[in-house]
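Some notes on the structure that comes next.
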Amino acid sequence: MKILIIEDEIPAQRYLKKTVQTLLPEAEFLFPIQSVEEGLEFFKEENTKIDLIFSDIQLTDGESFDIFKEVEIDVPIIFVTAYNQYALKAFEVNSIDYILKPFDEENIQNAIDKFQTRKSAPVSKELISSISDTIQNQKEVYRKRIWVNLPINLSVLKVDEINCFYSKNKVVHVLSNSDLNATLDLSLDKLEDQLDPKDFFRVNRQFIVQINAVKSIEPYYNGKWVLRIKGFEQEEIIIPKEKVSKFKQWVVKTD
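Under the working numbering, the letters of the sequence shown match residues 14 to 268, in that order.
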């Protein structure tokens, strides 16, 4: 069985390959694809037979949907995604297999079991376009306001007034563009699902930043970068090496 992984985050790519290799010792892996550009080149020029594709949706230079809309692929695809529960309905309604990030061995095993049992059918261009459009139209489900905890009461903030969410000592804080620093009763993982990814980016385990708060980035070491945001310039927010390209693309990407 020949397997292709489309994933631009190196740690995720390695973990997925290692786990699948454990579950399917007979599997052969093709050289991984990390961008839409690489994917288009591969499928237009490569004639290698592939039995299964694991594909992340968000890539450095766009979405993997952009690959599958352009080329006809006669191969089952298991999508890897961090999209929220509303967007996932598009996969479920159309019986498209997916693994929700952050994934683990059990999730991968379940996806492989479905593939082997059902012998999943290839996904057509039309279906890819339909799912892509559905996900792109999810703006209305993203959070617009949020309750925050102040010393003597609760207050409502508009999310577009928030520069960042950050975790400190197991408490999630909110920093607004008016320098209000409050706390809230949601985890960063849950917030990440509820915020529009066009406006907010999960930089690392501690920080989710708003695009208009980005002030500058500078090299750090080992491929990492330091992010500075408005109102929090003294804080060194570390962008991991595997997220740097995606972060840069996110900042300049237009709707």
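Where is the CB? At the ideal position from N, CA and C, for every residue including glycine.
Values in this document were obtained by computation on a predicted structure and should not be read as measured data.
May I have the straight-line CA-CA distance separating Phe56 from Leu17, to the nearest angstrom?
In a straight line, the C-alpha of Phe56 is about 11 Å away from that of Leu17.
Please give the ranges of any beta strand (DSSP E) in the segment 160-208, keeping only runs that are unbroken, at least 3 residues long and fully inside the region.
For the segment 160-208, whole beta strand (DSSP E) runs of length 3 or above, ordered along the chain, are 167-171, 175-181, 184-189, 194-197.
Cutting at 7 Å between CB atoms, please list the residues of its own chain near Leu204, excluding the five before and the five after it.
Answer for Leu204: Phe178, Ile221, listed in chain order.
What residue range is occupied by the uninterrupted alpha helix (DSSP H) comprising Val93?
Note, Val93: premise wrong, no alpha helix (DSSP H); beta strand (DSSP E) at 90-94.
With DSSP run on the structure shown, which of helix, strand or coil describes Lys152?
Reliability of the predicted coordinates at Lys152 is poor, the pLDDT of 48 falling under 50, and the value obtained from them is presented with this limitation in mind. Three-state result, Lys152: helix.
Counting C-beta neighbours from all protein chains within 10 Å, is the total for Arg158 16 or more, i.e. buried, or is it exposed?
Flag for Arg158 reads exposed.
Among Asp198, Ala226, Lys31, Glu255, which has the Cα closest to the Cα of Val264?
Checked all of Asp198, Ala226, Lys31, Glu255; the closest Cα to Val264 is Ala226.
DSSP state of Gly75, grouped into three classes?
DSSP places Gly75 in strand when its eight states are reduced to three.
So Ile230 packs on Ile242, CB below 8 Å; how close in whole Å?
That pair is no contact at about 10 Å.
Under the rule that 16 or more other beta-carbon atoms within 10 Å means buried, what is Val84, buried or exposed?
Exposed is the call here.
For Asn235, collect the residues of the same chain with a Cβ closer than 8 Å to its Cβ; drop the 5 residues on either side in sequence, then sort them by chain order.
Once the five neighbours on either side are set aside, the close Cβ partners of Asn235 are Lys254.
Considering only DSSP beta bridges, list what Asp12 is partnered with.
As displayed, the chain neither begins before 14 nor continues past 268, which places residue 12 out of reach and without an answer.
Kindly list the residues whose CB is nearer than 7 Å to the CB of Leu199, restricted to its own chain and excluding five residues on each side of it in sequence; keep chain order.
Closer than 7 Å at the Cβ level, and outside the excluded window around Leu199, lie Val185.
Less than 9 Å between the C-beta atoms of Lys211 and Ile224, yes or no?
It is a contact, given that the beta carbons lie within the stated cut-off.
Quick check on the burial criterion: 16 or more other C-beta atoms within 10 angstroms. Buried or exposed for Pro89?
Buried.
For Thr35, count neighbouring C-beta atoms within 10 Å of its own C-beta (all shown protein chains included) and say buried if the count is 16 or more, exposed if not.
Classification of Thr35: exposed, given that the 10 Å Cβ count is below 16.
When every heavy atom of the ligand SAM is checked, does at least one fall within less than 8 Å of the C-beta of Ile125?
The ligand SAM is not among the ligands present in this structure, which contains no ligands whatsoever.
What is the rounded straight-line gap between the Cα of Ile144 and the Cα of Asn166?
C-alpha separation (whole angstroms): 42 Å.
What is the C-beta distance between Leu197 and Ser180, in whole angstroms, given that I count them as a contact (C-beta under 8 Å)?
That pair is no contact at about 11 Å.
Which complete beta strand (DSSP E) runs does the segment 28-79 hold, if anything under 3 residues is left out?
Correct list: 65-69.
Roughly how many angstroms separate the alpha carbons of Gln26 and Phe116, rounded to a whole number?
One C-alpha to the other measures close to 11 Å.
Buried or exposed: Thr130, going by 16 or more other Cβ atoms within 10 Å of its Cβ?
Counting Cβ neighbours within 10 Å, Thr130 comes out exposed, since fewer than 16 surround it.
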